[in-house]
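Asker: Before I ask anything, here is the structure I am working with.
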Amino acid sequence: MMCLMALRLISKGKELIPQTTAWYQKQDVTFSDVLALVRRYIWADKYVKSIHGTGYVLFPIQKWEAILDLLAAAA
8 MMCLMALRLI
18 SKGKELIPQT
28 TAWYQKQDVT
38 FSDVLALVRR
48 YIWADKYVKS
58 IHGTGYVLFP
68 IQKWEAILDL
78 LAAAA
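Residue numbers (the working numbering): 8 to 82.
Structure follows, in structure tokens:
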């Protein structure tokens, strides 16, 4: 199911990039990258709701985007 969801997201223009760290460099996408992509999409859709179109949730939207990236990779 997750792979099918990721495939649909990719076909709509989302980019699937291998998650790397300072101690673990990888060239190919793994299932954990697929999970992170789908998680991030679901969480962004559910929780990123700008108040009156101002671009803020509880803090600037750019910081929220960065937090989503980190949480999706860590979960």
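Glycine included, C-beta positions come from ideal geometry on N, C-alpha and C.
1) Do you know whose CA, among W30, F38, Y31, Q32, lies nearest L23's CA?
2) Exposed or buried, which one is R47 when buried takes at least 16 other CB atoms within 10 Å?
3) Taking the beta carbon of A79 as the centre, do at least 16 other beta carbons fall within 10 Å, making it buried, or is it exposed?
4) With a threshold of 7 Å on Cβ separation, who are the neighbours of A43 within its own chain once the five nearest residues in sequence on each side are excluded?
Answerer: The short version:
1) Translated into positions along the sequence shown, residue 23 becomes position 16. Taking only the C-alpha atoms, the option nearest L23 is F38.
2) Your numbering for residue 47 matches position 40 in the sequence shown. Buried, because 16 or more other Cβ atoms sit within 10 Å of the Cβ of R47.
3) The residue labelled residue 79 in the question sits at position 72 within the sequence shown. Label assigned to A79: buried.
4) Taking the first residue of the sequence shown as position 1, residue 43 is located at position 36. The residues are Q26, A79, A80.
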